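Q: One structure coming up, written as structure tokens, with questions to follow.
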Amino acid sequence: MTMTLLRGRLLSFKRAPESLSDTASYAYIEDGGLLIDDGKIVATGDYTDLKAAAPADAIEIDHRPHLILPGFIDTHLHFPQMQVIGSYAANLLEWLNTYTFPEECRFVESAHTERIAKHFFDELIRHGTTTAVAYCSVHKASADAFFAESLRRNLCMVAGKVMMDRNAPQGLLDTPQMGYDETRQIIAEWHGKGRNHVAITPRFAITSTPAQMEAAQALAREFPDLHIQTHLSENTDEIDYTCSLYPEAIDYTDIYARYGLLGRKTLLGHAIHLSEREADALSDAGSVAVHCPTSNLFLGSGLFPMKKLMRREKPVRIAVATDIGGGSSYSMLRTMDEAYKIQQLQGERLNPLESFYLMTRGNAEALALDARIGTLAPGSDADLVVLDAAATPAMALKMEVVKTLAEELFLLQTMGDDRAIAETYVAGKAAKSMLGKQER
Ligand code: GUN
Ligand code: ZN
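Note that the UniProt record's numbering has the sequence shown beginning at 1, numbered continuously upward.
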């Protein structure tokens with residue numbers, strides 16, 4: 001197979017940056033080369049060295065002066081909510097009942113599901129996101145359509161059919177047995193097929209009976225390597241209602257703990273309003289609190305105390321995500337801009353190195369997938385994003401006075417969106433520039 005040699009400014013993180021001056025936390029190569037063979041990065045280094053080492057017939061693509069990073073990772077979003085974005089509601093529960101549940105009912109129709117799946121991956125690629133952790137609808141066919149499209153595009157995705165058996169319209173309910181059986185079938189049919197990963201996905205405690213939580217627990221025991229995803233402590237009314245449904249639990253987090261759902265591969269969307277006891281419990285379990293800034297602001301859910309959770313004596317693991325369609329942008333750049341502002345409002349600093357670490361290696365570590373994605377290390381899958389910090393006239397003007405890499409990253413985060421994504425590579429193949437050109 002012909003190799004590909006990319007040329008550009010390479011940036012990849014080695015660990016979480018401790019400060020803006022922590023240059024040891026990342027590798028930056030001004031005139032870098034990235035050699036790709038069969039979907040994987042085989043070498044990263046100075047362009048001149050790689051050019052000398054590459055086969056003579058390698059295809060060379062020059063992305064200078066742009067930055068080349070590992071593709072962005074979005075650790076929480078909802079595939080059936082593409083047409084829910086921008087729905088006017090006072091709060092989470094009104095938004096779910098008025099717009100979100102009715103929209104998800106439409107995913108019973110396979111033609112609709114298949115159409116939205118194509119748009120979903122188009123949109124991720126347009127925004128430089130190469131891995132996402134998604135909720136499908138309750139319908140098994142929605143997960144089938146999701147994974148079939150992901151496989152067709154050779155993407156690394158994590159997703160699950162939501163399990164929900166109460167407090168939603170009839171058309172969105174399964175049963176404990178159905179949720180269990182269908183999740184098992186989806187695991188058998190899709191987990192490990194291509195780069196697909198199946199996640200056990202009880203939507204949240206409000207929409208699952210204790211019997212369904214037991215079914216989720218049984219799945220977690222049978223498949224201990226799988227990710228588990230659910231929602232936790234997003235909104236104060238939600239918390240009160242949830243606790244009233246599980247009176248034996250000491251708090252919201254304890255509900256999931258009681259059903260054995262807290263482990264190192266558990267992703268808890270939002271987790272905004274945690275008590276110290278709950279934060280300790282998450283820390284002890286090694287579970288991940290997934291910050292969804294645009295969603296938290298859009299739905300008025302609250303200000304996630306990210307920095308506070310990170311610097312506790314018992315730190316809580318953190319990931320970042322869009323939460324489409326409670327979230328208002330597919331862009332991880334827009335997401336980190338809002339994450340920055342949420343910390344500003346709490347008197348905390350989130351520096352641009354930390355932001356770009358979180359979108360790439362940080363999220364990969366949260367998913368325990370950092371051996372495959374999230375860095376430019378040789379052996380990794382060649383999922384990449386190429387960033388243009390002068391993508392718009394206003395950005396180009398600001399770039400005239402930008403002097404450092406950190407300033408450039410901060411500009412990308414503050415003003416960037418899909419226009420700043422010059423290219424997205426999926427397993428070594430240019431994908432953004434091919435959108436709309438593929439056979440449908
Ligand atoms: N809690 C339960 N379901 C959802 C959802 O679809 N979106 C958000 N933001 N929170 C939820
Ligand atoms: Zn969500």
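Ideal Cβ placement from N, Cα and C applies to all residues, glycine included.
Bear in mind the structure is a predicted one, so any value in this text is a computation, not a measurement.
1) In three-state DSSP terms, what is residue 437?
2) What is the rounded straight-line gap between the Cα of residue 287 and the Cα of residue 91?
3) Assess, as a yes-or-no matter, whether the region 412–430 is touched by the region 98–105 under the definition of 3 or more beta carbon pairs within less than 8 Å.
4) Does the CB of residue 92 have a neighbour CB from chain B at under 8 Å?
5) Counting only runs of 4+ residues fully inside the region 290–327, write out the alpha helix (DSSP H) ranges in chain order.
6) Give the C-beta separation of residue 43 and residue 50 to the nearest angstrom, bearing in mind that I take them to be a contact with Cβ-Cβ under 8 Å.
7) Which of the three DSSP states, helix, strand or coil, is assigned to residue 163?
8) Helix, strand or coil for residue 31? Go by DSSP, reduced to three states.
9) Return yes when the C-beta of residue 76 is under 7 Å from any heavy atom of the ligand ZN, and no when it is not.
10) Quick one: using the 10 Å Cβ neighbour count with 16 as the cut-off for buried, is residue 88 buried or exposed?
11) Verify the contact flag: residue 444, CB atom, against every heavy atom of the ligand GUN, threshold strictly below 7 Å.
12) Comparing the CB of residue 99 with every heavy atom of the ligand ZN, is any distance shorter than 7 Å?
13) Could you spell out the range, first to last residue, of the alpha helix (DSSP H) harbouring residue 102?
14) Are the region 130–141 and the region 60–80 touching, with three or more C-beta to C-beta distances below 8 Å?
15) Specify the secondary structure class of residue 208 as computed by DSSP and reduced to three states.
16) Less than 8 Å between the C-beta atoms of residue 274 and residue 256, yes or no?
17) Pull up the distance between the alpha-carbon of residue 213 and that of residue 6, whole angstroms please.
18) Distance, Cα to Cα, residue 310 vs residue 18?
19) Got a sec? Which residues, its chain only, sit under 6 Å from residue 153 by beta carbon, not counting five neighbours each side?
20) First and last residue of the alpha helix (DSSP H) that includes residue 80?
21) Take residue 84 as the anchor and find which of 345, 65, 104, 109 has the nearest alpha-carbon.
22) So, with DSSP's three-state summary, where would you put residue 176?
23) Tell me which same chain residues have a C-beta within less than 6 Å of the C-beta of residue 298, skipping the five on either side of it?
24) Let me check understanding here. Comparing Cα to Cα, which of 419, 259, 427 lies closest to residue 205?
25) According to DSSP, simplified to helix, strand and coil, what is residue 156?
26) By how many angstroms is the C-alpha of residue 320 removed from the C-alpha of residue 389?
27) Nearest to residue 325 by CA position, among 337, 307, 293, 155, is which residue?
28) With a cut-off of 8 Å on the beta carbons, I'd call residue 382 and residue 40 a contact; round off their distance for me.
29) May I have a chain-ordered list of the alpha helix (DSSP H) segments no shorter than 4 residues that lie completely inside the region 85–144?
30) Go ahead and label residue 432 buried or exposed: buried means 16 or more other beta carbons lie within 10 angstroms of its beta carbon, across all protein chains shown.
31) Let me make sure I understand the geometry here. Which of 365, 267, 59, 161 has the alpha-carbon closest to that of residue 108?
32) Whole-angstrom Cβ separation of residue 70 and residue 374, contact assumed at under 8 Å?
33) Buried or exposed: where does residue 346 fall if 16 or more other Cβ atoms within 10 Å of its Cβ makes it buried?
34) For residue 199 versus residue 158, is the C-beta distance shorter than 8 Å?
35) Only counting the same chain, and skipping five residues up and downstream in sequence, which positions put a Cβ closer than 7 Å to that of residue 394?
36) On the CB-based measure, 16 or more other CB atoms within 10 Å of its CB, does residue 8 come out buried or exposed?
A: The answer reads as follows:
1) For this step, residue 437 is matched to residue 437 along the sequence shown. Residue 437: coil per DSSP, three-state reduction.
2) The sequence position of residue 287 within the sequence shown is 287, counting from 1. The sequence position of residue 91 within the sequence shown is 91, counting from 1. Going by the C-alpha atoms only, they are around 26 Å apart.
3) Here the region 98–105 does not lie against the region 412–430, with fewer than 3 beta-carbon pairs under 8 Å apart.
4) Of the chains in the structure shown, none is chain B; there is only one protein chain.
5) 293–298, 306–310
6) Within the sequence shown, numbered from 1, the residue matching residue 43 stands at position 43. Within the sequence shown, numbered from 1, the residue matching residue 50 stands at position 50. Distance from residue 43 to residue 50 at the Cβ level is roughly 6 Å; contact confirmed, criterion being Cβ atoms closer than 8 Å.
7) The residue given as residue 163 occupies position 163 in the sequence shown. Strand.
8) Here residue 31 refers to the residue found at position 31 when the sequence shown is read from its first residue. In this structure, residue 31 counts as strand in the three-state DSSP scheme.
9) Translated into the one-based positions of the sequence shown, residue 76 becomes position 76. Yes; taking the cut-off as 7 Å, the Cβ of residue 76 has a heavy atom of the ligand ZN nearer than that.
10) Counting from one through the sequence shown, the residue named residue 88 turns up at place 88. Exposed.
11) Residue 444 is absent from the model: the chain starts at 1 and stops at 440.
12) Position 99 of the sequence shown, counting from 1, holds the residue named residue 99. No.
13) For the purposes of this step, residue 102 is identified with residue 102 of the sequence shown, where counting begins at 1. Run containing residue 102: 101–105, per the alpha helix (DSSP H) assignment.
14) yes
15) The residue labelled residue 208 in the question sits at position 208 within the sequence shown. DSSP places residue 208 in coil when its eight states are reduced to three.
16) As a position in the sequence shown, residue 274 is number 274, starting the count at 1. As a position in the sequence shown, residue 256 is number 256, starting the count at 1. No, these two residues do not count as a Cβ contact at 8 Å.
17) In the sequence shown, counting from the first residue as 1, residue 213 sits at position 213. In the sequence shown, counting from the first residue as 1, residue 6 sits at position 6. Approximately 48 Å between the Cα atoms of the pair.
18) Taking the sequence shown and counting its residues from 1, the one referred to as residue 310 is at position 310. Taking the sequence shown and counting its residues from 1, the one referred to as residue 18 is at position 18. For residue 310 and residue 18, the gap between their C-alpha atoms comes out near 12 Å.
19) Position 153 of the sequence shown, counting from 1, holds the residue named residue 153. Taken in chain order, the residues that qualify are 121.
20) Locating residue 80 in the sequence shown gives position 80, where the first residue counts as 1. Counting along the chain, residue 80 falls outside any alpha helix (DSSP H), and DSSP gives it neither H nor E.
21) As a first step, residue 84 must be located in the sequence shown, where it is residue number 84. The residue with the shortest Cα to Cα distance from residue 84 is 104.
22) Locating residue 176 in the sequence shown gives position 176, counting from the first residue. Residue 176 falls in the helix class under three-state DSSP.
23) On the sequence shown, residue 298 is found 298 positions in, with the first residue counted as 1. 328.
24) Counted from its first residue, the sequence shown places residue 205 at position 205. Cα-wise, what sits closest to residue 205 is 259.
25) If you number the sequence shown from 1, residue 156 lands on position 156. In this structure, residue 156 counts as strand in the three-state DSSP scheme.
26) Residue 389 sits at position 389 when you count from the first residue of the sequence shown. Residue 320 sits at position 320 when you count from the first residue of the sequence shown. If you take the alpha carbons of residue 389 and residue 320, they lie about 22 Å apart.
27) In the sequence shown, counting from the first residue as 1, residue 325 sits at position 325. It is 293 whose Cα lies nearest to the Cα of residue 325.
28) If you number the sequence shown from 1, residue 382 lands on position 382. If you number the sequence shown from 1, residue 40 lands on position 40. Their Cβ separation, rounded to whole angstroms, is 6 Å, which keeps residue 382 and residue 40 in contact under 8 Å.
29) 92–95, 101–105, 110–126
30) Looking up residue 432 in the sequence shown gives position 432. Looking at its Cβ environment, which holds 16 or more other Cβ atoms inside 10 Å, residue 432 is buried.
31) Locating residue 108 in the sequence shown gives position 108, where the first residue counts as 1. For residue 108, the nearest C-alpha among the options comes from 161.
32) Looking up residue 70 in the sequence shown gives position 70. Looking up residue 374 in the sequence shown gives position 374. Yes, residue 70 and residue 374 are in contact; Cβ-Cβ is about 5 Å, under 8 Å.
33) Residue numbering aside, residue 346 sits at position 346 when the sequence shown is read from its first letter. It counts as exposed.
34) As a position in the sequence shown, residue 199 is number 199, starting the count at 1. As a position in the sequence shown, residue 158 is number 158, starting the count at 1. Yes, the Cβ-Cβ distance between residue 199 and residue 158 is below 8 Å.
35) Against the sequence shown, residue 394 aligns to sequence position 394. These residues qualify, in order along the chain: 415.
36) Counted from its first residue, the sequence shown places residue 8 at position 8. So residue 8 counts as buried.
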